[in-house]
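Residue 266 in the working numbering is what sits at position 249 of the sequence shown, and the numbering runs on without skipping anything.
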Amino acid sequence: MKLVIVAGALSLLISLLGTPLLIRILRSHGYSQAIRQSTAGENYPAHEGKRGTPSMGGLAILVAVVVAYAAAHLATWTPPSVSGLLALFLMLGLGVVGLADDYLKIFRQRSTGIRARTKLFGQAIVALAFAYLATRFPDDEGLTPASRAVSFTRDTALVLPLALFLLWVWFLVTASTNAVNLTDGLDGLATGAAVMTFIAYTLIGVWQFGQSCTFDAFNRCYLVRDPFDLAVFAAAVAGACFGFLWWNTAPAKIFMGDTGSLSLGGAIAGLAIMSRTEMLLPLLGGLFVIIALSVIGQVGSFKLTGKRMFKMAPLHHHFEMMGWPEIQIVVRFWIVQGLCIAAGLALFYGEWVRS
């Protein structure tokens, strides 16, 4: 547990104390994200008060995670695992894709960023590279960081061919990154929800480590390659998000931008894949799924019927258009996320008890 606590605490401090420095640097150069304005044909929530707020805050989260993860291993003189390094690779790779998007939003003042097709291509390259590498590097027990079996609370009997597995990982990564990206529309909403998800994966990793088949093979043990180091990584990301939330909560002093949202989505997907909890992801990332489904439903409804399901999508903007205060929406959506995660952890533990 020492490694988990050190990684989480150090990451929190770096993010909490380092984010103001990033804010000053971005403000001194006038690096702020373009704000969408209402037009005659399309209305947007009144966010003029956010104009001039620095973006690209995801850099603070990434730096905090990398430094804390490395420092925790150095402090305890413990080498990082392949699974932990792959989680970092996925997070940083998608962070670079998000950074390119933020560059256009900030330096070119193009609120839509890079083209959707270009962003999806970048996500696919990183996801497929991660998927391929995750099926390599077996340990002494023959376990690789990821399994080609579709998992719920552990691997199921459904084992995918390599080609389908690559597509499955691509889908999970793309869905997760874009869901977090869509949720990042109100001050602190995505950051606070992400903290809960990473805390949940920290608990799962610690539990799987204590019940690992590496120590004692019994009918309830977990076949996960590096569960404890995944918990260390999850704790580092949770701490970084928690520290960043101090500056990102309403009224936000900085936005995480796509640099943050894409990297956090990738970290969540990577943890789900390597902890063998892929089908539990809709609950552990419940709010992100709900927000993504609201956009899918909005687009589908308009194309099929010519009518919109909501006043505006994603869902949090629908409630903004109804007149709900931003703080009220954020807190209530955090409650929804907490309930989803509680249900996910209950299913995870319930499966262990039943087995």
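From the three backbone atoms N, C-alpha and C, an ideal C-beta is built for every residue, glycine too.
Quick caveat: nothing in here was measured; it's all calculated off a predicted structure.
- In the structure shown, the three-state DSSP call for residue 175 is strand.
- A Cβ-Cβ distance of about 7 Å is found for the pair residue 287 and residue 147, placing them in contact under the 8 Å criterion.
- Assignment of residue 71 by DSSP, reduced to helix, strand and coil, places it in the strand class.
- Looking at the DSSP output, residue 168 shares a beta bridge with 172.
- If you draw a straight line from the Cα of residue 44 to the Cα of residue 71, it comes to about 6 Å.
- For residue 370, the number of other beta carbons within 10 angstroms of its own is below 16, and it is reported as exposed.
- Under the three-state reduction of DSSP output, residue 311 falls in the helix class.
- Residue environment: residue 186 is assigned as buried (16 or more neighbouring CB atoms within 10 Å of its CB, all protein chains considered).
- The beta carbon of residue 20 lies closer than 6 Å to those of 89, 93 and 249 in the same chain, with the five residues before and after it left out.
- Approximately 11 Å separates the beta-carbon atoms of residue 69 and residue 272; this is outside 8 Å, ruling out the contact.
- If you look at residue 344, you'll find it in the alpha helix (DSSP H) that goes 343-371.
- When C-alpha distances from residue 83 are compared across 255, 170, 173 and 196, the shortest belongs to 255.
- Secondary structure of residue 193 (DSSP, three-state): helix.
- Under DSSP, residue 218 takes part in no beta bridge, so it has no partner.
- As a beta-bridge residue in DSSP terms, residue 239 pairs with 229.
- Here residue 350 is near residue 333, since their CB atoms are less than 8 Å apart.
- Residue nearest to residue 357 within the set 217, 227 and 314 is 217 (criterion: CA-CA distance).
- Residue 155 is classed as exposed because its beta carbon has fewer than 16 other beta carbons within 10 Å across all chains shown.
- Taking a 10 Å sphere around the C-beta of residue 322, we find fewer than 16 other C-beta atoms and assign the residue as exposed.
- If you draw a straight line from the Cα of residue 320 to the Cα of residue 313, it is about 11 Å long.
- A Cβ-Cβ contact shorter than 8 Å links residue 32 with residue 261.
- Of the other Cβ atoms in all chains shown, 16 or more fall within 10 Å of the Cβ of residue 213; this residue is therefore buried.
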